[in-house]
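Notes to accompany the following structure.
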Amino acid sequence: MNNNKSLESVMRKFFKMRDDRNWKQFHNPKNLAISLTLEATEVLEFFQWSNMEESQNISIKEKENLAEEIADVATYLFALADSVGVYVIEAMDRKMDKNIKKYPVEKSKNNSTKYNKL
């Protein structure tokens, strides 16, 4: 695994590929959101009809294919965020702050109940 790659460098590679092919014209927020959803369902296909144990023990070949689908999801997610001016890392950080408040440890530990029913 190459940990020397940054998210920014990989997204620059994606945007160059997109721009070299003049695909930006197709990458509006609506189309990117649709593509994100379609790719996410391809991830879900890997686990359709599997039980919990099977879902945790996928083969090396399946993992390679799953990694490609996860990469597609991440690429479309970050492309969508870029197209609407959202910086994902900052948005995630703000959302985590909200979740920490919504799910206090004393009420949420070992409990999967949604915050509005705690």
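Per my numbering, the sequence shown runs over residues 21 to 138.
The beta-carbon is built from N, C-alpha and C at its ideal position, and this holds for glycine as well.
query: Taking V63 as the reference, which of Y135, E84 and S103 has the closest Cα?
result: Walking along the sequence shown from the start, residue 63 turns up at place 43. Checked all of Y135, E84 and S103; the closest Cα to V63 is E84.
- request: Keeping to the same chain, check which residues put their C-beta closer than 7 Å to that of N136; ignore five residues upstream and five downstream.
  value: Walking along the sequence shown from the start, residue 136 turns up at place 116. Taken in chain order, the list of residues that qualify is empty.
task: Confirm, please, whether the CB-CB distance from K129 to L138 is below 8 Å.
output: Looking up residue 138 in the sequence shown gives position 118. Looking up residue 129 in the sequence shown gives position 109. The answer is no: Cβ separation not under 8 Å.
message: Could you compute how far the alpha carbon of I54 sits from the alpha carbon of N131?
response: Reading the sequence shown from its first residue, position 34 is the one you call residue 54. Reading the sequence shown from its first residue, position 111 is the one you call residue 131. Answer to the nearest angstrom: the Cα atoms are 33 Å apart.
query: Can you check whether the CB of A99 is closer than 8 Å to the CB of L52?
result: Stepping through the sequence shown from its first residue, residue 52 is reached at position 32. Stepping through the sequence shown from its first residue, residue 99 is reached at position 79. Contact: yes.
- request: Kindly indicate the opening and closing residues of the alpha helix (DSSP H) around K50.
  value: In the sequence shown, the residue the question calls residue 50 occupies position 30. P49 to E65 is the extent of the alpha helix (DSSP H) around K50.
message: Along the chain, where does the alpha helix (DSSP H) containing L100 start, and where does it finish?
response: Indexing the sequence shown from 1 puts residue 100 at position 80. Taken as a continuous stretch (DSSP letters only), the alpha helix (DSSP H) holding L100 covers I80 to V104.
field: Three-state class that DSSP yields for K127 in the structure shown
entry: Reading the sequence shown from its first residue, position 107 is the one you call residue 127. In the structure shown, K127 sits in a helix (DSSP, three-state: H, G or I).
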